[in-house]
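Trainee: Listed in order, the protein sequences are those of chains Y and B.
The first sequence begins at 1 in the numbering used here and counts up one residue at a time.
The second sequence begins at 292 in the numbering used here and counts up one residue at a time.
Glycine is no exception: its CB is placed at the ideal position from the N, C-alpha and C atoms.
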Amino acid sequence: MRTKTWAPYALIAPTLLLMAVFLVYPIGSVLYYSFQDYNVTQPWKNGFAGLDNFRVMLFEDPLFWQSLVFSAKWVLVEVGLQLALGLVLALIVNETFVARGLARALVFSPWAVSGVLTTGIWILLYNPSTGIFQQLAQWGIGDAGTSVLGNPDTVFPATVVTELWRGVPFFAIMLLADLQTIPKDLYEAASVDGANRWRRFLSVTLPHLRDAIVLSTLLRAVWEFNNVDLIYTLTGGGPANQTTTLPLYVARKAVDSHDFGYGSALTVAGFVILLFCSILYLRLSKFGSRT
Amino acid sequence: MTETLVRPAVDSPPPTPPQRRRKSGHHDPSRVFRLHLPLLLYLLFTLVPFYWMLVFALRPTGSTALVPWPMTLEHFDTVWNGIGFGVFFTNSMIIAGGTLVAVSVLALMGGYALARFQFKGQRVFLLALLCSQFIPGAMMLIPLFVIFREAGLLNTLTGLVIADTAFQLPLALILMSGFVRNVPVELEEAAMVDGCTRLRAFFAVTLPQLRPALVAVGSFAFIGAWNNFLFALMFASKQDKFTLPVGLSYALGEFNTDFGALAAGGVVAAVPVVLVFAVVQRYLVQGLSAGAVKG
């Protein structure tokens, strides 16, 4: 549409301004701080530090490596399970059945719930004396045992299940949206060619969903990598830093010890790793090159 | 009002026939294992935690009944008046409401620009919007904290509205441009031929068509801001500026023996967003299938 040229710029100007101040500038300053000694509690030490923060991080800080490994484990397990369950759920609620709208609203609803609230709900559910396991034991199913969140063997699965509860609906919604764009005649054609249900899923549904799966998996992986609210409130990173993720470690450095320089170096490391993995992932999955 | 809500979105896919005419139809016994049973299991997984919270919130302290009867509102009184969830609720409402308005207006403007104009730098702008999705709020804490301190925005609700808006806007804008693209431009052009200015044509013709889009985009901005924990935790340390997630996180630490109060606080935090979400989730699915997924 032909028009005066300033109009679109005026329309996106506020967005540009917000992005400049809250996204672009912070990225630049994280980079800047990462080469500085910048600790609010020790201002006399502040100044240019060169690569010192990075040297300490890489060679003298086991907690950096530990949190990085846990972050990777968390993302892989959480996103893998969410994708698998979300795909199944999307296929189910894409079928026609009675009260489908209500069923969708109900099974999607945890997606609207915050991480802190999720924690609150599951703490009630996991509680050793009044929770669901105690109740089941009363009915003779399993035994109540001890607190699943206090036990080092069960804290990880318990945290994973809790995050699944609110994460699966994300994939279900994204994939359901894409399922609805698959032309029905593709299935009919496949049926005519003698493809059974499983074959139709493999040859029609899955290829069509590919880009949506790649994109939502990447988005979710980034979000789960940076998940702070749930882990922070559920385990606080414990026991013994076993569930400390990299962002949680950053937050602790920044907030508890006010070490902005070192925290920024950790942040930069997180950025670089995330960026590298994202690009690698998009390359390997050949995103957007659908045939 | 009800009528506008049930009206299908302009970009909804053509309605599927109410019954799929398969030979086996609805009496196919495999549907029980393929559909009903897994759905039932998943419903249990979803709803049992919600129910557990509700039971704790409604039954008297010390009771272990699975049906909260006789019901009591004592826990709600404790958290609302005693712990201050009334104040937190108001703060959350102001922040989420402010973010809703700001995001809706800005996304409408930007989405319209992306959908209706070709301009220099458009691709770069779109790319920046997409890339911003990969920039984690948690990783921006330190510089944002410094910005907030310098700007005097710490412990203000305004500051939280601005920060939430900045982080919700990119995705909202991408979604909105998809919605605008689905409104035929010919309608607008016809109005302009009839003598409308572009602005009037937009308000008279296009905006009414975008009502479902605004409901979707606004609601998700509301939900996002309502749930934002990290910014509220970091940038609002005074108790009279706490939001519900922050209040709840303190309740987790400090009142973890009073499960009734914790559950009641959870109900207060959950009810508005879950209700909003239940009403608008279908617009989200429609909006995403309208092309936003394709980027």
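1. Could you give the C-beta distance for residue 364(B) and residue 173(Y), rounded to a whole number, given that I count them as a contact under 8 Å?
2. Kindly indicate which residue of 569(B), 497(B), 486(B), 522(B) has the alpha-carbon position closest to the one of residue 457(B).
3. Find the residues of chain B that neighbour residue 198(Y), judging by a C-beta separation of less than 8 Å, and give them in chain order.
4. Assign residue 274(Y) to buried or exposed, taking buried as 16 or more other Cβ atoms, counted over all protein chains shown, within 10 Å of its Cβ.
5. Just to make sure I have the definition right: I need the residues of chain Y whose C-beta is within less than 9 Å of the C-beta of residue 540(B). Which are they?
6. Nearest-angstrom Cα distance between residue 310(B) and residue 183(Y)?
7. In three-state DSSP terms, what is residue 47(Y)?
8. In chain Y, which residues lie with their C-beta within 8 Å of the C-beta of residue 481(B)?
9. According to DSSP, simplified to helix, strand and coil, what is residue 518(B)?
10. Under 8 Å, Cβ to Cβ, is there at least one residue of chain B near residue 194(Y)?
11. Taking Cβ positions only, does residue 226(Y) come closer than 8 Å to chain B?
12. For chain Y, is any of its Cβ atoms less than 8 Å away from the one on residue 312(B)?
13. Can you check DSSP and say which residues form a bridge with residue 36(Y)?
14. Going by C-alpha distance, which of 258(Y), 278(Y), 263(Y), 116(Y) is nearest residue 61(Y)?
15. What is the DSSP secondary structure of residue 211(Y), counted as helix, strand or coil?
16. If the cut is a Cβ gap below 9 Å, which residues of chain Y does residue 500(B) touch?
17. Buried or exposed, going by whether 16 or more other CB atoms sit within 10 Å of the CB of residue 465(B)?
18. Measure the alpha-carbon distance for residue 343(B) versus residue 149(Y) and round it to whole angstroms.
19. On the CB-based measure, 16 or more other CB atoms within 10 Å of its CB, does residue 259(Y) come out buried or exposed?
20. Just checking: is the beta-carbon of residue 596(B) within a distance shorter than 8 Å of some beta-carbon in chain Y?
21. Pull up the distance between the alpha-carbon of residue 192(Y) and that of residue 125(Y), whole angstroms please.
22. Please specify which runs of the alpha helix (DSSP H), each continuous and at least 4 residues long, are wholly inside the region 338-369 of chain B, giving them in chain order.
23. Within this structure, are the beta carbons of residue 556(B) and residue 376(B) separated by less than 8 Å?
24. Hey, residue 216(Y) and residue 156(Y): beta-carbon distance below 8 Å or not?
25. Relative to the alpha-carbon of residue 447(B), which residue among 355(B), 531(B), 476(B), 356(B) has its alpha-carbon at the smallest distance?
26. When the Cα atoms are used, what is the spatial distance from residue 483(B) to residue 499(B)?
27. Could you check where the alpha helix (DSSP H) with residue 277(Y) kicks off and where it finishes?
28. Count the other C-beta atoms from every protein chain shown that fall within 10 angstroms of the C-beta of residue 28(Y), then say buried if there are 16 or more, exposed otherwise.
29. Determine the chain Y residues that contact residue 456(B) at a beta-carbon separation under 7 Å, and present them in chain order.
30. For chain B, check one thing: does any of its Cβ atoms lie closer than 8 Å to the Cβ of residue 178(Y)?
31. CA-CA distance, residue 92(Y) and residue 117(Y)?
32. Can you tell which of 187(Y), 106(Y), 210(Y) has its C-alpha closest to the C-alpha of residue 299(Y)?
33. When the Cα of residue 431(B) is compared with those of 64(Y), 152(Y), 282(Y), 250(Y), which residue comes out closest?
34. Enumerate in chain order the residues of its own chain whose CB-to-CB distance from residue 15(Y) is below 6 Å, with the five nearest sequence positions on each side excluded.
35. Residue 463(B) by DSSP, collapsed to three states: which one?
36. Which bits of chain B does residue 262(Y) rub up against, with CB to CB less than 7 Å?
Mentor: On the basis of the data shown:
1. At roughly 34 Å, the Cβ-Cβ gap does not stay under 8 Å, so residue 364(B) and residue 173(Y) are not in contact.
2. 522(B)
3. Within chain B, no residue comes near residue 198(Y); the closest Cβ sits about 11 Å away, beyond 8 Å.
4. buried
5. Using a Cβ-Cβ cut-off of 9 Å, residue 540(B) is close to 116, 119, 120, 229, 232, 233 of chain Y, given in chain order.
6. Per-residue confidence for residue 310(B) stands at a pLDDT of 49, beneath the threshold of 50, marking its modelled position as unreliable; no derived number is given.
7. Strand.
8. Residues of chain Y passing the Cβ test: none, with the nearest at roughly 13 Å.
9. helix
10. no
11. yes
12. Reliability fails at residue 312(B), whose pLDDT of 47 lies under 50, so the model's placement of it is uncertain and the value that follows must be treated cautiously. No - not a single Cβ of chain Y is within 8 Å of the one on residue 312(B).
13. Looking at the DSSP output, residue 36(Y) shares a beta bridge with 48(Y).
14. 263(Y)
15. helix
16. The CB of residue 500(B) never comes closer than 9 Å to any CB in chain Y; the least such distance is about 17 Å.
17. buried
18. 18 Å
19. buried
20. Outside the modelled stretch of chain B, which goes from 292 to 586, sits residue 596(B), for which no answer is possible.
21. 49 Å
22. If we require 4 residues or more, the alpha helix (DSSP H) runs fully inside the region 338-369 of chain B come out as 365-368.
23. For residue 556(B) and residue 376(B), yes; Cβs fall inside 8 Å.
24. no
25. 531(B)
26. 16 Å
27. Residues 260-285.
28. Exposed.
29. 18
30. yes
31. 27 Å
32. With chain Y covering only 1 through 291, there is no way to say anything about residue 299(Y).
33. 250(Y)
34. none
35. helix
36. The contacting residues do not exist; residue 262(Y) stays about 10 Å from chain B at best.
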